[in-house]
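Respectively, the protein sequence lines represent chains A and B. Counting from 1, one number per residue, gives the positions in the first sequence under our numbering. Counting from 163, one number per residue, gives the positions in the second sequence under our numbering. Even for Gly, the Cβ is constructed at its ideal location relative to N, Cα and C.
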Amino acid sequence: MKKVIITLTLSIVVVILLWAQPKKPLATQQKKSTTTQTKKSTAVQAKAPAGAQASIERGRQTYSQVCAACHQKDGGGVPRLNPPLIKTEYVLGDKTRLIGIILKGLNQPIEIDDEEYTNPMPPQSHLTDQQIADVLTFVRNNFGNKASAVTTAEVKAVRAKT
Amino acid sequence: MTKIFKKLFAVALVTAPFFSEAADSLIKEATFIRPDAANAGLKLPAGFGALMYAENLGQARHIVVNKNGDVYIKLARLKNGKGIIKLRDKNADGRSDDTSGFADYGGTGIAIKNNYLYASSNTDVYRYKLNANNEVENEAKPEHIIGGLISRGQHNTKSITLDNSGNIYVNIGAFSNSCQEQDRQNGSKGKDPCPILDSAGGVWQFKADKLDQTYKDGVRYATGTRNVVGLDWNTEINELFVMQQGRDQLFQMWPQFYNQKQGAELPAEEMFLVKKGMNFGWPYCFYDHFQNKKILAPEYGGDGKKIGRCAEMQNPVVAFPGHMAPNGLLFYTGNMYPEKYKNGAFIAFHGSWNRSPEPQEGFYVAFVPMKEGKPAGKWEIFANGFSGVEKVENSRDVKYRPCGLAQGPDGSLYVTDDNKGNIWRIIYNSKK
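In structure tokens form, the structure reads like this:
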């Protein structure tokens, strides 16, 4: 009996001592969540050129119906599966390539910021030139992006070559 | 005064043996592992606790714990040039304090069997001899067991598990969503027969000790599995179990048959008991967990009700809500957890991305109580809180994604996250 009591007392002391140690993981977690917040708040929505505003609004509709399922509402994509549309060269760069991706789809894994995305994108050539111009203008001026509008003439020219 | 000392001396003499025993138990108690504050962010059933075993390792996929407690983790992509991370807890506080790495390939699969560490890239399987000191004998030169496996973007990770008869099982996922003529295209019909099934969309069996095997040396052990990232050998009934990731986008591609909510909820994610020669139905069929049957996919003439050829396909042992992406499966054989958990299945759900406009689901470890390979009760959420948010609307908002599971020699459960590379260790506090 005595043995048990001594063991118990000693164990309790040890447990109390262990509990009293500083709790490091909590501090680390707090620090992380602050970094995430800062990142998000810098992604302020860019203002679009005034002329493109109507196109952007139509594009917003098309985006939510056709694109959001994979690229997500926030344009952030899905890690390793569906590419993000936020501040990438694919979205902000060469418009001909961007229009081409909508018309022909993308069937190869691609790399963005040292990350590989493996899901294919089917062609969206059933969309009209106007719908494609609108949705691309929307994407290029939303999610923190700011780039020139895409016109129906530009879509038409690319479609003629595909 | 001397009287008192004499008395004390006598007491000390009498109690000395007890003190030495107490000292032994003191050492035991000191090595008793303590959970982190707030269980390192996890919500767990009463009596369980969690601690952060390691952090920020990279894309930590599957995990295995050796009999001496060493932990090996397969990274999807190399970090600092290493594809396998080895962790060791030197000071016995339950957390890793010694990290090293090897292997120049990324991948998902990792396992230990008969003193060999097996690991896979997205095309090959290797193994490393573990010596008497439980160390990898030659980190730079593994034996090449299997090669030339198909890897075409989608579902290209090669998970592995081994049986007790010298065989290794490899998931070769289908490089397609539903074998349409144009993958993921609205209204595109399915190829019939689906040519992908010749070399993927199934589980292949190879010899665990034969070098340089390829398709011709293996057996297509089961077919009609779209992608089974989580698989484990059940030692209680000596059979293979796998977790099917069901097809995506019924609503986006077939709005004439499925509304947005149905597309978010269907099809089920399925647990299969796999016997040689079985067919689980992909891409022709999927499991509807509201109708409780396999039904014909719209790519093959289905309308949400028709069954057709699906009557011959194997049904799941357990069905889960759609799109939650099971990535890890483990049958618990340890002694640390209460009796209820023995031989039951833990499943790591990586979490969904295509349940919009419903909130995304998954991002937890589930448990199915099982006896002799059959469910002995309803599945339940075991460890939750990985996502770090109440409601997941966008995939990017998720903090951690459960992926791999392993059991330690003491019976603790290890869970990997492939977003940041954190490793949780979940213990049961029976000694309280």
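Going by DSSP in three states, I235 of chain B sits in which element: helix, strand or coil?
Walking along the second sequence from the start, residue 235 of chain B turns up at place 73. I235 of chain B: strand per DSSP, three-state reduction.
Would a C-beta distance cut-off of 8 Å place Y526 of chain B and Y215 of chain B closer than the cut-off?
Within the second sequence, residue 526 of chain B is the residue found at index 364, counting from 1. Within the second sequence, residue 215 of chain B is the residue found at index 53, counting from 1. No, they are not a contact pair.
If I follow the unbroken alpha helix (DSSP H) through M415 of chain B, where does it start and stop?
Taking the second sequence and counting its residues from 1, one reaches residue 415 of chain B at position 253. Taken as a continuous stretch (DSSP letters only), the alpha helix (DSSP H) holding M415 of chain B covers 412-415.
How about P478 of chain B and A459 of chain B: do their beta carbons lie closer than 8 Å?
Residue numbering aside, residue 478 of chain B sits at position 316 when the second sequence is read from its first letter. Residue numbering aside, residue 459 of chain B sits at position 297 when the second sequence is read from its first letter. Their beta carbons are not under 8 Å apart, which means P478 of chain B does not touch A459 of chain B by this criterion.
What are the residues of the segment 66-100 of chain A that lie near chain C, defined by any Cβ-Cβ distance shorter than 8 Å?
In the structure shown, chain C cannot be found, because the protein chains are A and B.
Would you mind stating whether M433 of chain B and V391 of chain B have Cβ atoms separated by less than 8 Å?
Along the second sequence, read from residue 1 onward, the residue named residue 433 of chain B stands at position 271. Along the second sequence, read from residue 1 onward, the residue named residue 391 of chain B stands at position 229. No, the pair does not count as a contact, with Cβ atoms beyond the cut-off.
My output table needs one value for Y290 of chain B: the three-state DSSP class, helix, strand or coil.
By 1-based counting over the second sequence, the position of residue 290 of chain B is 128. It is a strand residue.
Would you say V158 of chain A and C67 of chain A are within 8 Å of each other, going by their C-beta atoms?
As a first step, residue 158 of chain A is located in the first sequence; it is residue number 158 there, counting from the start. As a first step, residue 67 of chain A is located in the first sequence; it is residue number 67 there, counting from the start. No.
Return the CA-CA distance between G100 of chain A and T162 of chain A, expressed in angstroms with no decimal places.
In the first sequence, counting from the first residue as 1, residue 100 of chain A sits at position 100. In the first sequence, counting from the first residue as 1, residue 162 of chain A sits at position 162. Those two C-alpha atoms are separated by around 8 Å.
Give a yes or no on whether the minimum CB-CB distance between W104 of chain B and chain A is below 8 Å.
The structure shown does not extend to residue 104 of chain B, since chain B spans only 163 to 594, so no value can be given for it.
Per DSSP, D394 of chain B forms a beta bridge with which residues?
In the second sequence, the residue the question calls residue 394 of chain B occupies position 232. BP columns for D394 of chain B point to B:F403.
The alpha helix (DSSP H) with C447 of chain B in it runs from where to where?
One-based indexing of the second sequence puts residue 447 of chain B at position 285. C447 of chain B -> not in any alpha helix (DSSP H); beta strand (DSSP E) instead, spanning 447-450.
Roughly how many angstroms separate the alpha carbons of G668 of chain B and Y234 of chain B, rounded to a whole number?
Absent from the model: residue 668 of chain B. The displayed extent of chain B is 163 to 594, so no value can be given.
Residues in its own chain within less than 8 Å of S361 of chain B by CB, not counting five upstream and five downstream?
Position 199 of the second sequence holds residue 361 of chain B. Once the five neighbours on either side are set aside, the close Cβ partners of S361 of chain B are I312, I334, Y377.
Taking the beta strand (DSSP E) that S282 of chain B belongs to, which residues open and close that run?
In the second sequence, the residue the question calls residue 282 of chain B occupies position 120. Residues 278-282.
The beta strand (DSSP E) with T385 of chain B in it runs from where to where?
Residue 385 of chain B sits at position 223 when you count from the first residue of the second sequence. 381-385 is the extent of the beta strand (DSSP E) around T385 of chain B.
Keeping to the same chain, check which residues put their C-beta closer than 6 Å to that of D374 of chain B; ignore five residues upstream and five downstream.
As a first step, residue 374 of chain B is located in the second sequence; it is residue number 212 there, counting from the start. For D374 of chain B, where only same-chain residues beyond five positions count, the Cβ hits under 6 Å are H306.
Could you please give the first and the last residue of the uninterrupted beta strand (DSSP E) stretch that includes V298 of chain B?
Here the question's residue 298 of chain B lines up with position 136 in the second sequence. It is not in any beta strand (DSSP E) - V298 of chain B carries neither H nor E in the DSSP assignment.
Starting from R250 of chain B, trace the beta strand (DSSP E) both ways and give me its first and last residue.
Here residue 250 of chain B refers to the residue found at position 88 when the second sequence is read from its first residue. Segment 244-250, the beta strand (DSSP E) holding R250 of chain B.
How would you list, in chain order, the residues of chain B whose beta-carbon sits under 7 Å from the beta-carbon of N119 of chain A?
The sequence position of residue 119 of chain A within the first sequence is 119, counting from 1. Simply Q316.
With a threshold of 8 Å on Cβ separation, who are the neighbours of L412 of chain B within its own chain once the five nearest residues in sequence on each side are excluded?
As a first step, residue 412 of chain B is located in the second sequence; it is residue number 250 there, counting from the start. Closer than 8 Å at Cβ, skipping near neighbours: F419, Y420, Q424, G425, L428, P429, P460.
Can you give the Cα-Cα distance for N218 of chain B and I272 of chain B, rounded to whole angstroms?
Sequence index remark: in the second sequence, residue 218 of chain B carries index 56 (1-based). Sequence index remark: in the second sequence, residue 272 of chain B carries index 110 (1-based). Using only the alpha carbons, I get a separation of about 19 Å.
Quick check: is the beta carbon of S321 of chain B nearer than 8 Å to any beta carbon in chain A?
Against the second sequence, residue 321 of chain B aligns to sequence position 159. So no, S321 of chain B is outside the interface.
By alpha-carbon positions, which one of A:G59, A:Q108, A:D113 ends up nearest to T88 of chain A?
As a first step, residue 88 of chain A is located in the first sequence; it is residue number 88 there, counting from the start. Ranking the options by Cα distance to T88 of chain A, first place goes to A:D113.
Comparing C-alpha positions only, which one of B:L204, B:G203, B:A202, B:G211 sits nearest to Y590 of chain B?
As a first step, residue 590 of chain B is located in the second sequence; it is residue number 428 there, counting from the start. Per the Cα distances, B:G211.
Please report the straight-line C-alpha distance between R289 of chain B and N329 of chain B, rounded to a whole angstrom.
Within the second sequence, the letter at position 127 stands for residue 289 of chain B. Within the second sequence, the letter at position 167 stands for residue 329 of chain B. A straight line joining the alpha-carbon of R289 of chain B with that of N329 of chain B spans about 13 Å.
From B:H512, B:M475, B:N242, pick the residue whose C-alpha is nearest to that of R563 of chain B; which is it?
For the purposes of this step, residue 563 of chain B is taken as residue 401 along the second sequence, with counting starting at 1. Closest option to R563 of chain B, Cα to Cα, is B:H512.
Quick check: the Cα distance between G310 of chain B and D286 of chain B, rounded to an integer number of angstroms?
Here residue 310 of chain B refers to the residue found at position 148 when the second sequence is read from its first residue. Here residue 286 of chain B refers to the residue found at position 124 when the second sequence is read from its first residue. If you take the alpha carbons of G310 of chain B and D286 of chain B, they lie about 6 Å apart.
Quick one: does D345 of chain B have its CB under 8 Å from some CB of chain A?
Position 183 of the second sequence, counted from the first residue, corresponds to residue 345 of chain B. Cβ-Cβ to chain A under 8 Å: yes for D345 of chain B.
Could you check whether V436 of chain B and F403 of chain B sit closer than 8 Å to each other, using their CB atoms as the reference points?
For the purposes of this step, residue 403 of chain B is taken as the residue at position 241 of the second sequence. For the purposes of this step, residue 436 of chain B is taken as the residue at position 274 of the second sequence. Yes, these two residues count as a Cβ contact at 8 Å.
Give me, in chain order, the residues of the same chain whose beta-carbon lies closer than 8 Å to that of G352 of chain B; leave out the 5 immediate sequence neighbours on both sides.
As a working mapping, residue 352 of chain B is identified with position 190 in the second sequence. So the list reads S340, C341, Q342, E343, P445, Y446, A459, E461, Y462, once near-sequence residues are dropped.
Under 8 Å between the Cβ atoms of Q72 of chain A and N556 of chain B?
Residue mapping note: residue 72 of chain A aligns to position 72 of the first sequence, counting from 1. Residue mapping note: residue 556 of chain B aligns to position 394 of the second sequence, counting from 1. Yes, they are a contact pair.
Using the three-state DSSP reduction, which class does H224 of chain B fall into: helix, strand or coil?
Translated into positions along the second sequence, residue 224 of chain B becomes position 62. In the structure shown, H224 of chain B sits in a strand (DSSP, three-state: E or B).
Could you tell me the boundaries of the alpha helix (DSSP H) in which T152 of chain A lies?
Residue mapping note: residue 152 of chain A aligns to position 152 of the first sequence, counting from 1. Run containing T152 of chain A: 152-161, per the alpha helix (DSSP H) assignment.
Based on Cα-Cα distance, which residue from B:V227, B:K252, B:A222, B:D255 lies nearest to K244 of chain B?
Here residue 244 of chain B refers to the residue found at position 82 when the second sequence is read from its first residue. The candidate whose alpha carbon is nearest that of K244 of chain B is B:A222.
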